[in-house]
Structures are given as C-alpha cells and as structure tokens.
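For the protein sequence lines, the chains are S and D, in the order given.
Under the UniProt record's numbering, think of the first position of the first sequence as 1, with each following residue one higher.
Under the UniProt record's numbering, think of the first position of the second sequence as 1, with each following residue one higher.
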Amino acid sequence: MTAAAEKKIVRPYGDTTGDGMVQVSFTLPVPHDKRAEGAAVQLANRMGIDPAMLVHARQMGDGFTFFVVYGRVNHLVDLAAVQVVERDFPLLSAKEVNTVVKQRLRRKLSVVGACIGTDAHTVGIDAILNVKGIAGEKGLEYYRELKVTNLGAQVSVPELVEAARREKADAVLVSQVVTQRDAHLHNTREMSAAFREAMPAGKRPLLIVGGPRFDETMTGELGVDRIFGRGTTPGEVASYLVHALITDKKARA
Amino acid sequence: MGEWGRGDGVTGKLDLDPVLVARARELARRAGQPVVDLARSHTTVSVERAVLRLAGVSGADPDGIPWVNRLVDAVVADVGLGHGVAVPVFDALAREQIADVTLLAQKAAAGSVRFQVPSGRAATAARRAARRAVGAGVRLIDRRRAERDRLVRRYGDPAQRPWIYLIVATGDIYEDIPQAQAAARAGADVIAVIRSTGQSLLDYVPEGATREGFAGTYATQENFRLMRAALDESSKELGRYVRLTNYASGLCMPEMATLAGLERLDMMLNDSMYGILFRDINPIRTFVDQRFSRQVHARAGIIINTGEDNYLTTADAVDEAHTVTVSQLLNEYFAHEAGLADWQLGLGHAFEINPDVPESLRLELAHALLARELFPDAPLKWMPPTKHMTGDVFRGNLLDGFFNLVGAMTGQGILLVGMMTEAVVTPWLSDRDIALQNVRYVLGAAGGLHEDFVPAPGGFIQQRANRVLGEAVELLERIGDQSLLTAIAEGTFGIMKRPADRGKGLAGVARHEGDYYNPATEILEGDRA
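As structure tokens, then:
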C-alpha cells in the first residue's frame, strides 16, 4: 500500500494516531444498577467500541440512567468512499448576505411573500419571513438589506402580482401547506402563469414556492425557479436569493 | 413574595443617580401615556371574546372554531365592534328568552338571531345582565387566586432564589405531563409549556386536549387544566408549590390571560411590544390587547414575564443593552397602569453577550445588576444564552454555568434553565438533568454570593451600568419627542419598522363608540385598590 492510499483510511484520534478512541454518551430507560451498566457496555460494544470503558453512570428520575463511555472504535473510514450531497449554492450568514446585496446590488433586495388561494396556514411563510424565524435562525425580515413584504394568508394571485409590481419585487415567495386535491400544485401553476402573462421574462421576479409536500424537482413543471421542501431555513432561502439574483444569475431557470 | 431585591443588600451597589432614575421613569411614562390613551379608546375582537369567555361562553363548533369567535363575528356583522359585544349579546338574550350565552352563540352562528344596539330601558337591562354574567367569571378568577394562596401556604414557596424555571414542549399534552412532573421532581419550581409554532398568529384559541403541535403544545383551556392538575399532584408530593407558565401573547392575548386566570396558571409571558416587533402584529391591536390582558393578570395574581431577551437575540447585546432597559421601563409603566404590583413584574433580560468579547462576564454582571437595582421589588426573569450556543455542548455547558453564576451574584428572581443543546435538539432528558446539575452546583456553591458581591466604586461594572442607564435615558428622550408609536414605526426597537396602520390583526380593532360598554374593564378598573 502506498503512503497516499494509506492516508485515505482514517480512524478516530484520542491521543495517538490510530488509537481509534471515541467518547459517547446516552441514556437507557432503566434504573441504575449492575445490569444497567452491563447493558451500556453491551450497547457500546455493538456500536463497535471495544474495549468500552464505562466512566460515568447516573440515574435520572425513577427509570432512566445516563452513561458516558470512552473506548476504542474498530470501524475505519475510507475518505475516498465518502459521499456528500453538495448544495448548488453556498450557504451564507446573514452578515454575508447583507454585504453581497449592499456591495453588488447597491439597493435593498425586495422580497414579497404570501400564502395564496384559500390556504390560511401562514406557519411556513412566517417561519421564513418573520424576524422570529425558525429553529434559532432569524427570518428574512432580520436581514438589513432585504425589504420584506409579507402579505399573509389567502392572497389572490392578482393581488400578489400587483404587490410584486408595486414593491418592485426581486423575488416572490409563496407558501402552500394545504394539499387537498393538489391545491398546492394548481395554485402554484396559476401563480407562475399569471406572472408570465403580466411581466416580460427579463422583468419577472424570481418565483419560489415552499411547503412540506412539494417535490423539489418539479420546478419546470410548475413554472417556478425554485421549490423548497420541509425543514428549509430562512438562511437557506436568503443564500439562494443572493445566489440566483446576484452572484450567479445564470442559475435562474 | 415581594422584596426580591431588598433585604439582600443588593440595592445601592451601582451608585446610580436617583435623579437620572426618576427621569428615566418619567420619560417612560411620557412615552407610554399616548399608547394608554389609545388602548382606552379602542377595543379588539379578542378583548370582546375574552369578555364573552368571562360571561360563560365556552366550547367550539364542529370545525373547531370557538363559539366566542362565532358570536363576536355575528355581532360585528350586525352592529359592528365599536359598541362592544356585551350589550348587543345580552340584549339578544333577553329578546330571544335564552338563558345560556353559549346557546345564543350557536343560534347566532346559524343565522337565527339578529343583534342590535338597544337604547333606553333595554340598554340599561342589557348592561346590568352583562355585568352580572361577567362578574361571575371574575369571581371565578378570584376563587382561583385564593386557591393558589392557600396552596402556597400549604406547600410553600421554593427554598431558594432564583426560582428554577424549566421548559417542556413535546406537542402532546399527555407527554408533557409526565415530563413536567419529572422536571418538578428534579428541582424545577416553574414549568413553562411552550406553545406550538404559529399559535400566536391564530385569531382563535383552539379547544380541548391536544396531542399534535409543531415544536410546542397548543395552549388551550383544557391543556391548562390538565397540566395545572398534574402539577398540583407534584406540589403535594414535593412539598412546594410548583408554578405553571404559558403565553399571553399573539392575537389572542386577552383570551389567554382570561383562560390562565380561570385555570390558575401562575405566570404568563406578556410583553408589551414583542408581538409588534417579532410577529408583525398591528401595534394598536397589541397595545389594546395587552392592557386588557394585564388587567386580568393583575386580578388573577399572575406574574407576567416580559420579553426583553428577544431584543438581544436580534441585536448586539452590548451595543443595544440600553434598549432592554428602555423596554423594561416601558413594560413597568404599562404594567403599573394596568394594575399589576411590583411582585408581579418578571421583567426580562438575558445573558447574550458574545463570549469572545473581552470582559463579557463583567459586562453581563453590570447589565444584570442594573436591572436588579432599577427594579428592586420585581422578580426579574433571567434568560440563558441562546445566540452564542453553537452546538459545542461542552462550551455551552460552561457558558450556562457562568449564566447561572451571574444570576446568583445579582439576585435574579426567576432563572430560566439554559440547555447546552440549545440550537441542537429540543432538550433530552439527559440535557435537562445536566442543566439542572449545573444550576444546583452554582446555587449550592455561590447562592449567597450576592451578599459579598459589591462592585468597586467607580470601577468597570459601575461605569458600565451607569453608561447603559444614560443611553437608555437618551433613547427615551428621543422617543418622547416623537411618541412611542412613531418610534416603533421607524424601527427604534430592534431593526423592524412597524407602522400603526399595518400588521396582522388590524381588521379586528375598532375605536369605541360613544356608548361602548365593557363590563370586564369596568369591574377590573372599578375594583382596583
């Protein structure tokens, strides 16, 4: 084996190369006794930690015990075989987003958001737009260089087009939660068709839809530039806006 | 209760200029007065629904829309909101010969009742009947308050200060209950049940016991009742009264306060500006709803928790420290105006300075002590680090330890237990256990340190605290020139601009007509000591 090939195989590092040492902690739903400690060691063994040193065990409440285990893990990792899904746009911090908009767009980036049709579930659009945000991330209103207009729920498509025109929207965000009879798909197609009709291709804002039941690959079919699914955070949306509108305009469908 | 700061030798450590402190309070009053005038001359759909809840309307239609919503909507459709709903509703009851207000709501929803604004003798009779019905609801709140006093006497308050405040949030009330009881057993003095994401923007209160929520559990009257009953069991078992917290915020603030009073909740999150700034709720809606909800909290003996910690999660905790002080002063003014006593003011602030900033701990001590000294008789709610919790749980645990230490050294009243897994997962059983060990260690090792901790005269901490107070006074002076509503519209707090003619819930606001009548306000204001 050559030195280069050898380097591709790694194992955890405690204090000596190749020692494979890891530390884990977990809780088992049993009271603390000898058997519980044995169970913790057995679990560690099955995780590939052998020998496993049980260094701490503490009962919590009536029926739970917390364990800390140190030990040598016998698994190897081949770096050449590691597969990662690359995001097709870089994830930026709020500060970076603001800087790029300020320096390269030289004006506020205008975002208009709404729930269209009869959908009254503003949870999604509010999580992305409200300062409150979601999962510890602030919403787009928090970004100094973004001008956010949140139209709220049950907005008609003509109202949305009008608001986008009035606010000179660079991007339009539409949230759709209700999926009865494919309402989310119909509404989205109606929306994208209306923008296509009302504005020439070069003047049309970036169209983005989001919701828990969308298939992220359906952009072409729905006539939008991007679809965001469950678990999307405001930071991802902001990063995408910067990517599609400023740093890589070609990315736009 | 009371005397959170006094007797501990905590006051007088910062050499604050009493003239400047008095000036800050006077400026807060001046900034808040026009808002109070606005609140006194407007009503909202949620205020009116709260009145109906006090009058005994309960339950929901088959679609889950509460009868109070259906009834208010029906009255508004016939006569508008500006007269208040009490008189039209009780006038209709008399005309229809119905005894039960919920039955009237059902008939109104079916379209078989017409509402009108009566005059003369009919109006007088309707007012009297409305006041009687709402009075019964208020008496129920009074009984719940007396019950709390009795249980606190029986089981006692926590042995230590600060009180230890822990959050549960599974989304399922039947999962929350054993978790809350386990947390109480592990040392929590106050249990807060976090609400489902987005509940603050619902313009109705969901009904019944709920088992599905998003990152939290829906606040409903039945969930309140179930959790309070469970914690009564825990209080008995543990020999100390375990308090329960929920949220009087969002579009249904007055109703949440009312339901909390009816179900003997002990603390409610209730900030004067949070909904405006962070949820884009219309400013007038918020201030009207807030005043009513605080009047109910005052009557119910509920401790409010204000939300100043939120400013520091969006803005820099050093540069914007004075906005916390300003908000605390405004919250205090609005609270006193609504009848709340100092012991009911859990004014918020937080440990959110970037730990990489030099002397960050000394700055935290200065800010925390400033709040303590400005509000010596308020419990003060001390909030843990969230913004600079990175997922490095080991560093996070140390940061939480320093947070606990500052809480102990500055005599905070209510300590929200920080989790090392903040921003990683909703707390695991083990996270909570580790966090409580952290609190117990610090309070055990240094719980009395506030007696010895006296910052050096003219030193770093005194200088910093005085500077923050000075900046707060400057900001209040700027607000004074342009009114609080304008300041909010122009983005003075946080970075959000919130004009008074925009935001959610504006459609549910109405100016009082000349004959506006609200029996709840009349009772709550009239009976005030």
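C-beta: ideal position from N, C-alpha, C; glycine also.
Considering residue i, what are the terminal residues of the alpha helix (DSSP H) in which it resides?
| i | result |
| --- | --- |
| residue 403(D) | 393-409 |
| residue 67(D) | 67-79 |
| residue 182(D) | 173-185 |
| residue 369(D) | 360-374 |
| residue 462(D) | 460-482 |
| residue 523(D) | 519-526 |
| residue 451(D) | 449-452 |
If you follow the beta strand (DSSP E) that residue i is part of, which residue opens it and which one closes it?
| i | result |
| --- | --- |
| residue 43(D) | 42-44 |
| residue 350(D) | 348-350 |
| residue 50(S) | 49-60 |
| residue 105(S) | That residue, residue 105(S), is in no beta strand (DSSP E); it is neither H nor E in DSSP. |
| residue 193(D) | 190-193 |
| residue 24(S) | 21-28 |
For residue i, count the other beta carbons within 10 Å of its own beta carbon; 16 or more makes it buried, fewer makes it exposed. Which is it?
| i | result |
| --- | --- |
| residue 242(S) | buried |
| residue 403(D) | buried |
| residue 25(S) | exposed |
| residue 381(D) | buried |
| residue 99(D) | exposed |
| residue 10(D) | The predicted model places residue 10(D) with a pLDDT of 43, which falls under 50 and marks its position as unreliable, so this point remains unresolved. |
| residue 498(D) | buried |
| residue 29(S) | exposed |
| residue 324(S) | Only positions 1 to 253 of chain S appear in this structure, which leaves residue 324(S) out of reach. |
| residue 394(D) | exposed |
I'd like the list of long-range same chain contacts for residue i, defined as Cβ closer than 6 Å, with 5 residues on each side in sequence excluded.
| i | result |
| --- | --- |
| residue 133(S) | 139, 234 |
| residue 172(S) | 112, 164, 205, 207 |
| residue 378(D) | 342, 345, 347 |
| residue 214(S) | 227, 229 |
| residue 3(D) | Confidence in residue 3(D) is poor, its pLDDT being 49 and thus under 50, which makes the residue's placement unreliable; the coordinate value appears in the next sentence. Cβ neighbours of residue 3(D) beyond the five flanking positions: none. |
| residue 266(D) | 243, 244 |
| residue 550(D) | This structure gives no information on residue 550(D), because the portion of chain D shown stretches from 1 to 529. |
| residue 34(D) | 483 |
| residue 147(S) | 108, 110 |
| residue 56(S) | 68 |
With DSSP as the reference, label residue i as helix, strand or coil.
| i | result |
| --- | --- |
| residue 121(S) | coil |
| residue 147(D) | helix |
| residue 414(D) | strand |
| residue 382(D) | strand |
| residue 441(D) | helix |
| residue 235(D) | helix |
| residue 21(D) | helix |
| residue 510(D) | strand |
| residue 72(S) | strand |
| residue 95(S) | helix |
| residue 166(D) | strand |
| residue 10(S) | strand |
| residue 224(D) | helix |
| residue 41(S) | helix |
| residue 240(D) | coil |
| residue 77(S) | strand |
| residue 18(S) | coil |
| residue 67(S) | strand |
| residue 345(D) | strand |
| residue 273(S) | For chain S, the structure presents residues 1 to 253; residue 273(S) sits outside this window and is missing. |
| residue 60(D) | strand |
Taking 7 Å as the cut-off, is the beta-carbon of residue i closer than that to any non-hydrogen atom of the ligand NAD?
| i | result |
| --- | --- |
| residue 514(D) | Here there are no bound small molecules, and the ligand NAD is not part of this structure. |
Looking only at its own chain, which residues have a Cβ that is under 8 Å from the Cβ of residue i, when we skip the five neighbours before and after it?
| i | result |
| --- | --- |
| residue 143(D) | none |
| residue 390(D) | 396, 423 |
| residue 87(D) | 117, 118, 123, 126, 127, 130, 515, 517 |
| residue 480(D) | 27, 30, 31 |
| residue 113(D) | 74, 92, 96, 104, 107 |
If you drop the 5 nearest sequence neighbours on each side, which residues of the same chain put their C-beta closer than 7 Å to that of residue i?
| i | result |
| --- | --- |
| residue 143(S) | 94, 97, 98, 238 |
| residue 91(S) | 235, 236, 239 |
| residue 105(S) | 246 |
| residue 513(D) | 82, 83 |
| residue 471(D) | 322 |
| residue 264(D) | 144, 147, 148, 228 |
Compare the C-beta of residue i against all C-beta atoms of chain C and say whether one is closer than 8 Å.
| i | result |
| --- | --- |
| residue 507(D) | Chain labels in this structure do not include chain C; the protein chains are S and D. |
| field | Inside the region 245-333 of chain D only - alpha helix (DSSP H) runs reaching at least 4 residues | value | Complete alpha helix (DSSP H) runs here, min 4: 253-262, 274-279, 283-300, 309-314.
| Can you give, in chain order, each stretch of the alpha helix (DSSP H) that sits fully within the UniProt domain "B12-binding" (108-252) of chain S and has at least 4 residues? | 123-129, 157-166, 183-198, 219-222, 234-242
| Inside the region 92-116 of chain D only - alpha helix (DSSP H) runs reaching at least 4 residues | The qualifying runs are 101-109.
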